[in-house]
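Residue numbers (this note's numbering): 33 to 198.
Report on the structure given below.
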């Protein structure tokens with residue numbers, strides 16, 4: 033597991049942003065589990081985004097859905113579902129139940145182009161930022177908390193040790 037660079041901030045677990053992201057992640061997992069368990073037999077489902085998904089050309093699933101897929105695969109060997117197909121509409125409807133979160137939310141919280149990357153460690157969500165002085169004061173304490181780099185590394189190490197001990 034790679035670690036973030038200092039300075040590190042943790043998204044507060046009682047913030048709306050955290051709760052919305054956890055809900056979105058759970059619903060996304062449910063969607064993929066339902067697809068894999070109910071519709072796909074050979075791990076042939078490919079997903080780009082909410083309106084572009086399909087089946088790998090070399091999977092057994094291709095033969096099942098062939099009439100609902102585009103004739104020619106894209107550069108990755110994926111035949112996309114036709115927009116008017118039955119399964120496209122069904123999968124799209126399932127995807128519409130997943131809450132959308134603004135991709136600009138981290139910019140609002142950490143400042144424009146101020147975050148390097150994020151990481152989930154167990155049920156905790158961390159962000160590495162470029163300059164902690166550029167973070168809007170209104171975000172600190174309400175949505176995010178600064179965390180010492182040493183404490184962050186201790187959390188990561190405890191998760192690694194826990195997973196190796198199993």
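Note that the Cβ used here is the ideal one computed from N, Cα and C, for glycine as well.
Residue state for residue 56 is assigned as helix, using DSSP reduced to three classes. Between residue 40 and residue 181, the C-beta spacing is below 8 Å. Inclusion of residue 92 and residue 73 in the CB contact set at 8 Å is warranted, their separation being smaller than that value. Taking the C-beta atoms as reference points, residue 148 is found nearer than 8 Å to residue 37.
In this chain, the beta strand (DSSP E) harbouring residue 86 covers 84–88.
Only residues of its own chain outside the window of five on either side were considered, and among them none has a CB closer than 7 Å to the CB of residue 48. The region 57–72 makes no contact with the region 178–192: fewer than 3 CB pairs, one atom from each, lie closer than 8 Å.
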